[in-house]
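Chemist: In our numbering, the protein residues as written are 33 to 458.
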């Protein structure tokens, strides 16, 4: 792809927009971010905190530990952390720098203020409204569609900021320009210096939390289980280290990750397995970075059609992306890459998202395994073809089907999952 081609700059921009740092699961962090903004507007410590959230947000906050809070869980803990210790200028790293005194103050505030949590009936799967009350004053912040898209700020009924939820999308790069043929052309021909920094940052952050997960006791310790029972092969290590990073992240580790499509778990899944394979086979840094770009852009392409949150597990699309990246590391051409993606999606697309929690690590391992196996199938001349379930002829048609399944087909599934978990329907 020629550097003067508009698509070239768009693809570079998409990587830089999507691969950003976050500490902690991004849904509770979005709550902390909104609460920190509201606290700055209110300019005093609130006596009451009202958190209204769409069901998919509630689902993803319920079971994960909020970092830098002495291992607290839940929406109220997330809001309290943002109010007491948040720095909204850090966005998804809003509570990344919290001293011990502030951690104690968060716990005290949770015990003294009144917290109310409500289901928010919304046309968006991602909709969050936080209102703080202090004496006769109140401040309200609403975030919609994406984790940092603030569409409303009010104080005492006076509107400070108001915009359509789509307005942020208009200033972001149009993701519909993505397609597998152009993605492959871009990653195979781009000037690596245009994307090096963002991808190297992803590897540094995400592999650091993977090593932390392997060293210590987090969640279900999926990585350690895999290494103990699966041996020390590159196949096992790729799954294990990705799982270990997720286990650490879901269970309070205070290290950042570089996310993909608004998700730390998806950023982990896209990056760590590709890096592990590149290290194992002594691949050059340049080819590794091209493979990482392929993995990330493939996952973003799939996720763009699925939407921000869904009952469709995001690790599936990221695992298919990882499979594409690993295939490229091992010398695959375009045909090898797209057959790997189709095979992986055919294998693992039935995995549901039932919220962020320890079992995400196991789902990541399963999805990475599907990505690797998808490439192994291709090497043996085996593939799933149009007519095999939801697989149809043409990579873009299959990705469109996955998007349709995740965005429309699983709406009722999402409602039932939320009902099972929290007793509310979206």
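We treat Cβ as the ideally placed atom computed from N, Cα and C, and that holds for glycine.
1) Considering just the uninterrupted stretch of the alpha helix (DSSP H) at residue 134, what are its terminal residues?
2) Roughly how many angstroms lie between the CA atoms of residue 402 and residue 358, to the nearest whole one?
3) Which parts of the region 215 to 267 are runs of the alpha helix (DSSP H), unbroken and 4 residues or longer, counting only runs that do not cross its ends?
4) So for residue 410, helix, strand or coil by DSSP?
5) Since residue 294 and residue 160 should fall inside the 8 Å C-beta cutoff, what is the C-beta to C-beta distance between them, to a whole number of angstroms?
6) I believe residue 237 touches residue 53 by the beta-carbon criterion, under 8 Å. Please report the beta-carbon distance rounded to the nearest angstrom.
7) Using the beta-carbon count (16 or more within 10 Å), is residue 35 buried or exposed?
8) Where residue 39 and residue 333 are concerned, what is the direct C-alpha to C-alpha distance, given to the nearest angstrom?
9) By Cβ distance below 8 Å, which residues in the same chain neighbour residue 423 in space, the five residues on each side in sequence not counted?
10) In three-state terms, what does DSSP make of residue 169?
11) Extract the residue ranges of the beta strand (DSSP E) inside the region 370 to 395, only unbroken runs of 3 or more that lie entirely within it.
12) With C-beta atoms as the reference, is residue 427 less than 8 Å away from residue 370?
13) Assign residue 202 to one of two classes, buried (16 or more other C-beta atoms within 10 Å of its C-beta) or exposed (fewer than that).
14) Do the region 218 to 235 and the region 336 to 355 touch if we need at least three Cβ pairs shorter than 8 Å?
15) Under a three-way DSSP split, which group does residue 200 fall into?
16) Compare the C-alpha of residue 271 against each of 317, 227, 354 and name the closest.
17) May I ask you to report which of helix, strand or coil DSSP gives residue 42?
18) Determine contact between the region 441 to 454 and the region 73 to 90, defined as no fewer than three beta-carbon pairs at a distance below 8 Å.
19) What does residue 158 pair with, by DSSP beta-bridge criteria?
20) Can you grab the Cα-Cα spacing for the pair residue 200 / residue 288, in whole Å?
21) Less than 8 Å separating the beta-carbons of residue 245 and residue 390?
22) Compute the Euclidean distance between the alpha carbons of residue 49 and residue 139, then round it to the nearest angstrom.
23) DSSP beta-bridge partners for residue 148?
24) So, for residue 150: in the same chain, excluding its five sequence neighbours on each side, which residues have a beta-carbon less than 6 Å away from its beta-carbon?
25) Apart from the five residues just before and just after residue 420, which ones in its own chain have a Cβ nearer than 7 Å to its Cβ?
26) Kindly indicate which residue of 284, 255, 260 has the alpha-carbon position closest to the one of residue 274.
27) So, is residue 179 buried or exposed, given that buried needs 16 or more other C-beta atoms within 10 angstroms?
28) Would you check if the distance between the CB atom of residue 164 and the CB atom of residue 174 is smaller than 8 Å?
29) Assign residue 283 to one of three DSSP states: helix, strand, or coil.
30) Cβ atoms of residue 442 and residue 94: under 8 Å apart, would you say?
31) Ordered along the chain, which non-local residues of its own chain (more than five positions away) have a Cβ less than 6 Å from that of residue 230?
32) Using the three-state DSSP reduction, which class does residue 176 fall into: helix, strand or coil?
33) DSSP three-state label for residue 295, please.
34) Residue 242: which of 290, 350, 123 sits nearest, CA to CA?
35) How big is the Cα-Cα spacing for residue 412 and residue 129?
36) In three-state DSSP terms, what is residue 208?
Modeler: In short, the structure shows the following:
1) Taken as a continuous stretch (DSSP letters only), the alpha helix (DSSP H) holding residue 134 covers 132 to 144.
2) The C-alpha of residue 402 lies about 12 Å from the C-alpha of residue 358.
3) The qualifying runs are 228 to 247, 254 to 262.
4) If DSSP states are grouped into helix, strand and coil, residue 410 belongs with the helices.
5) Incorrect: roughly 13 Å between the Cβ atoms, too far for contact.
6) Sure, about 7 Å apart at Cβ, within 8 Å.
7) By the neighbour-count criterion, in which a residue is buried when 16 or more other Cβ atoms sit within 10 angstroms of its Cβ, residue 35 is exposed.
8) The straight-line gap separating the alpha-carbon atoms of residue 39 and residue 333 is approximately 14 Å.
9) Excluding five sequence positions before and after residue 423, the CB atoms of its chain that fall closer than 8 Å to its own CB belong to 374, 377, 378, 416, 417, 430, 433, given in chain order.
10) Note: residue 169 maps to strand in three-state DSSP.
11) List check, beta strand (DSSP E) in window: nothing returned.
12) Cβ distance < 8 Å, so residue 427 and residue 370 count as in contact.
13) The predicted model places residue 202 with a pLDDT of 48, which falls under 50 and marks its position as unreliable, so this point remains unresolved.
14) At 8 Å Cβ cutoff, the stretches do not touch.
15) With a pLDDT of only 48 at residue 200, under 50, the local geometry of the prediction cannot be trusted, and no value is derived from it.
16) Distance check between residue 271 and each of 317, 227, 354 places 354 closest, using alpha-carbon atoms only.
17) Annotated three-state conformation of residue 42 is helix, per DSSP.
18) Touching, yes, given that three or more Cβ pairs across the two stretches are closer than 8 Å.
19) DSSP, once it has assigned bridges, lists no residue as partnering residue 158.
20) Reliability fails at residue 200, whose pLDDT of 48 lies under 50, so the model's placement of it is uncertain and no value is given.
21) Against a cut-off of 8 Å, the Cβ pair of residue 390 and residue 245 comes out as no contact.
22) Distance between the alpha carbons of residue 49 and residue 139: 34 Å.
23) Beta-bridge pairing links residue 148 to 82.
24) Here the set comprises 84.
25) The beta carbon of residue 420 sits closer than 7 Å to those of 378, all from its chain and outside the five residues before and after it, given in chain order.
26) It is 255 whose Cα lies nearest to the Cα of residue 274.
27) Answer is buried; the Cβ neighbour count reaches 16.
28) In this structure, residue 174 does not lie closer than 8 Å to residue 164 by Cβ.
29) In this structure, residue 283 counts as strand in the three-state DSSP scheme.
30) No. Outside cutoff.
31) If we look at residue 230 and ignore the five residues flanking it on each side, its Cβ neighbours are 47, 48, 51.
32) Note: residue 176 maps to strand in three-state DSSP.
33) Judged by DSSP in its simplified three-state form, residue 295 adopts strand.
34) Selected option, being the one with the closest Cα: 290.
35) Distance between the alpha carbons of residue 412 and residue 129: 50 Å.
36) Of the three classes helix, strand and coil, the one that applies to residue 208 here is helix, per DSSP.
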